[in-house]
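Just so it is clear: in the sequence shown, position 55 is 55 by our numbering, and no numbers are missing. Where is the CB? At the ideal position from N, CA and C, for every residue including glycine. Before any comments, here is the structure.
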Amino acid sequence: MTTPPAWLTVLTTTDSEEKARELARGMVEARLAACVQISAPVTSVYRWQGAIEATEEWQLFCKTTAERYEELEAHLQEAHDYDTPEIIALPVLRGSARYLGWVSAETAPVTSV
């Protein structure tokens, strides 16, 4: 039996740099992602409502923990303006202990004392 990964990279896309920055800031401010990298425009080719589309999009790579995934997905579903946003979680199988520790610390829920 294998242990599920503790860390994830979650991918999503949007149709403008401004929207990408807003989504990224919202996830980091909510501590749902420690870091979000925004990739320069990519071309997405896909079938939507019976037609083949080709669209310029910005891709976001969101670094988070498996523990925070459900909340991150819910946040993206709420904040995103696509009918069906891409939300794909890829497991982080290995990584620098210092970096993964930082991801865990930055995404830890804030507790009030």
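Measuring alpha carbon to alpha carbon, tell me which residue in the options is nearest residue i.
i	options	result
S44	T64, P85, P91	P85
Y82	R98, S39, T14, P4	T14
V10	E106, R21, G50, V92	V92
P4	I52, T65, T107, E17	T65
E67	T107, S96, E17	T107
V103	K63, G26, L23, I52	K63
E22	E56, T111, T55, A79	A79
In the DSSP output, what is residue i paired with across the bridge?
i	result
E56	T43
K63	T9, C35
L90	T9
A51	W48
T14	W58
My understanding is that residue i touches residue j, with C-beta atoms under 8 Å, so please give their C-beta distance in whole angstroms.
i	j	result
F61	V28	Contact flag wrong, Cβ pair sits at about 13 Å.
P109	R31	7 Å
W7	G101	In fact, because the Cβ distance is near 10 Å, the residues do not count as touching under 8 Å.
Could you name the residues of the same chain whose beta carbon sits closer than 7 Å to that of residue i, not counting the 5 residues immediately before and after it, in chain order?
i	result
E73	I87
Excluding five sequence neighbours on each side, which residues of the same chain lie with their C-beta closer than 6 Å to the C-beta of residue i?
i	result
L90	T9
E71	L32
E53	Y46
Once the 5 residues before and after residue i are set aside, which same chain residues still bring their CB inside 8 Å of it?
i	result
W58	T13, T14, D15, S16, E17, K19, A20, I38, S39, A40, P41, V42
Once DSSP output is grouped into helix, strand and coil, what is the label at residue i?
i	result
V103	helix
A30	coil
H75	helix
Y69	helix
A108	coil
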